[in-house]
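Residue numbers (mature numbering (1 follows the signal peptide of the UniProt record, and there is no 0)): -30 to -1, 1 to 231. To start, the structure itself, in structure tokens.
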């Protein structure tokens, strides 16, 4: 090729020059036409926790929830905790009997129970009690595959949130006194920093008789967490006497949140 002043330009140099000009043109076009990115919209606000600080997600991703079974020392208090399932009418009678005696308790609800009886969630909270998560269908959550265990925890959490506006105060594994490390990680990821175990088992689910239930609960000391169940008639019958037993020893029933405050 011959330039405008008559000098012949080598073909190799000409090709390099053309490639360079094309690159500059592309850069200019990109800089001149690319629209500015809009500022990202703020994330929607989440559902407010029902009992802070026990509903905050773990601060360390992948860290397990802490598990508590009693408080050591301190105030003369015990936490009566109830597995939430069974006849809703009987459950309401148990919760009302406790309320009428000034006892506040924690109910770890099964999700399918709340699905079948949604009013039970409000019964718990309207009577001054506390609601928590006891898995969706009360399977042996410690033995489930990870994905299934996650679903059990999160599905119950979502049901509680839909009914009350928050995910509940604690998580308790179903069919087990203690959670495995994997389940504690899943609980934390679902928004439960604390897994609530217990150190006293009333054994009321075996229907052992009112006297046996009272005798089992008498082993509670200051700081104990007692496991009980809403769906058993003998539990209702035992409430007046076991509250008398606690009062005689100077022990006051409170929610688990109050116990660990």
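Positions of the beta carbon are idealized from the N, C-alpha and C atoms, including for glycine.
- Distance check between residue 140 and each of 44, 32, 52 places 52 closest, using alpha-carbon atoms only.
- Residue 92 sits exposed, since fewer than 16 C-beta atoms from the chains shown fall within 10 Å of its C-beta.
- Straight across, the Cα-Cα distance linking residue 98 with residue 69 is about 7 Å.
- The alpha-carbon of residue 39 is positioned some 6 Å away from that of residue 166.
- Here DSSP, grouped into helix, strand and coil, assigns residue 51 to strand.
- In the three-state scheme derived from DSSP, where H, G and I count as helix and E and B as strand, residue 171 is classed as strand.
- For the options 44, 171, 143, the alpha carbon positioned closest to that of residue 164 is the one of 143.
- In the DSSP annotation of this structure, the continuous segment of the beta strand (DSSP E) that includes residue 199 starts and ends at 195 to 199.
- Residue state for residue 119 is assigned as helix, using DSSP reduced to three classes.
- Per the C-alpha coordinates, the member of 160, 146, 224 positioned closest to residue 34 is 160.
- Here residue 54 has 61, 77, 78, 79, 80, 83, 84, 90, 94, 101, 104, 200 as same chain residues with Cβ atoms under 8 Å from its own Cβ, once five neighbours each way along the sequence are excluded.
- For residue 37, no alpha helix (DSSP H) segment is defined; the enclosing uninterrupted segment is the beta strand (DSSP E) at 36 to 38.
- For residue 150, the closest alpha carbon among the candidates 206, 197, 125, 119 is that of 119.
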